[in-house]
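Taken in sequence, the protein lines are chains A and B. For the first sequence, this note's numbering begins at 1 and goes up steadily by one. For the second sequence, this note's numbering begins at 1001 and goes up steadily by one. For every residue, glycine included, the Cβ atom is placed at its ideal position computed from N, Cα and C. Please read all numbers here as calculations on a predicted model, not as lab measurements. Input: a single structure, listed below in structure tokens.
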Amino acid sequence: MTPEEQEQIRARQKSRAVMTGLLLGFLVILFFAITLAKIGASHNI
Amino acid sequence: MTTATFAPVSMPADWRDFVALTKPRVMTLVVFTGLCGLLAAPGHIHPVLAFTAILCIALGAGAAAALNQWWEADIDAKMKRTAARPLPAGRMDRQAALHFGVGLSFFSVILMGMATNWLAAGVLAVSILFYVFVYTIWLKPRTAQNIVIGGAAGAFPPVIGWAAVTGDVSALPVALFMLIFFWTPPHFWALALFVKTDYAAAGIPMLPVVSGEVATRRQIWAYTAIMAVAALAPVLLRLTGLIYGATALIGTLVFAALAFQVYRRRESDPTRMMPERRLFKYSILYLFLLFGAVVVDRWLLA
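Structure, rendered in structure tokens:
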């Protein structure tokens, strides 16, 4: 494997890691919001 | 289909190719009909949970699309329209697509169950399984009626959206299911008429390939008649109001006019199939209009 290929793979891995991180961040916020919605709903009953 | 081999993949797939694997363009209609089912349902749902339900419908559709491409990678490679997809183009290995599809399926169903209810999650699971096993694996390579039965998979979203709010499935979501179910054949066969050569090359028994173009035109017309009944049923059964009724009546008359034109024509050169292309394009607009009208109707009545 040439250094250029190595570098390409690293760049690809990095962009995937960044996207995965963003997705996980979004899910944390979503699950928190769902929790609040669910707790709120149980108060109304 | 598991014997296909493509150019060896050494690079990890680009994240954009995972997005492409979910067929985002097909998803828009699925999300829209699901959203309409959700908005037309009586009762209240927290906006965050409504958003999550729609997200789960979109993710479930994406998962089914990914699994469909995992299974059909060798067929996609033979068709011009699909040869550039991530798997046939060799930008992603099949194992990655399989894992992505299965993972996304479980994730969407479990999240749906936890955020809304398990009936909605169950229908979502059934729709994914139906699309992958009944349509993609079983019917599509075997019968020219593949998309008639397979169309049921695409008809589930409004039922799921409805169930997410109410926790049940009543007459209106079933009527909306029937509408998409009978809309699918004329919609899809209009497309199949002008991409016939592609399906022939891949050995998929699409109706124009197996029964010929004339039979396809006749069937488009026949299913349009059944679809018209399904389109008017909600208002005749008083499940919706007159806004939907008027939209459905006018929209269906235009649909029938375009379908009749296609039925009467004899043209096998795909480059001269303008009426067929027009019917295909209009059929998408038609579904948007009718589902939009269901929601407008319900909100003005309320």
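Chain B contact for residue i (CB, 8 Å cutoff)
| i | result |
| --- | --- |
| Q13 of chain A | yes |
| E4 of chain A | no |
Listed by chain order, chain A residues near residue i by CB distance under 8 Å
| i | result |
| --- | --- |
| M1274 of chain B | Those do not exist, as M1274 of chain B stays about 41 Å from chain A at its closest Cβ, beyond 8 Å. |
Pair within 8 Å by beta-carbon distance, residue i and residue j
| i | j | result |
| --- | --- | --- |
| L1111 of chain B | T1166 of chain B | no |
| L1104 of chain B | A1066 of chain B | yes |
| L1207 of chain B | A1192 of chain B | yes |
| L1021 of chain B | P1086 of chain B | yes |
| D1168 of chain B | R1091 of chain B | no |
| S1304 of chain B | P1186 of chain B | Outside the modelled stretch of chain B, which goes from 1001 to 1302, sits residue 1304 of chain B, for which no answer is possible. |
| L1049 of chain B | A11 of chain A | no |
| Y1286 of chain B | G1245 of chain B | no |
| L1179 of chain B | I1243 of chain B | no |
Any chain A beta carbon closer than 8 Å to residue i
| i | result |
| --- | --- |
| A1164 of chain B | no |
| L1193 of chain B | no |
Listed by chain order, chain B residues near residue i by CB distance under 7 Å
| i | result |
| --- | --- |
| R16 of chain A | P1012 and W1015 |
Amino acids of chain B, ordered along the chain, whose beta-carbon sits closer than 8 Å to that of residue i
| i | result |
| --- | --- |
| L24 of chain A | Chain B residues near L24 of chain A: none, gap ~12 Å exceeds 8 Å. |
| I39 of chain A | Those within 8 Å of I39 of chain A in chain B number zero; the least Cβ separation is about 11 Å. |
| Q8 of chain A | M1011 |
| R34 of chain A | The sequence given here has Ile at residue 34 of chain A, not Arg. Here the neighbours are V1048, L1049, T1052, M1114 and A1115. |
Cβ neighbours of residue i in the same chain (closer than 7 Å, five flanking residues each side left out)
| i | result |
| --- | --- |
| I1075 of chain B | A1202 and I1204 |
| I1128 of chain B | G1060, A1063, A1064 and S1105 |
Cutoff 8 Å; reference residue i; Cβ partners in own chain excluding five residues on either side
| i | result |
| --- | --- |
| I45 of chain A | Model confidence at I45 of chain A stands at a pLDDT of 49, short of 50, so the residue's coordinates are unreliable and nothing is read from them. |
| T1143 of chain B | P1205 |
| A1248 of chain B | A1231, L1232, P1234, V1235, L1290 and A1293 |
| A1175 of chain B | A1230, A1233, P1234, L1237 and L1239 |
| C1036 of chain B | P1158, G1161, L1176, F1291, G1292, V1294 and V1295 |
Contacting residues, own chain, Cβ-Cβ under 6 Å from residue i (five flanking each side not counted)
| i | result |
| --- | --- |
| F1032 of chain B | none |
| I1057 of chain B | G1034, P1157 and I1160 |
| M1079 of chain B | D1198 and A1202 |
| K1023 of chain B | A1065 |
| P1270 of chain B | F1194 |
* Check distances from the C-beta atoms of the stretch 1044-1068 of chain B to those of chain C and list, in chain order, the residues that come in under 7 Å. => Absent from the structure: chain C. Protein chains present are A and B.
* Mind listing, in chain order, the continuous alpha helix (DSSP H) runs of no fewer than 4 residues lying wholly within the stretch 1066-1128 of chain B? => 1073-1076 and 1094-1115
* Runs of beta strand (DSSP E) lying entirely within the stretch 1137-1187 of chain B, each at least 3 residues, in chain order -> none
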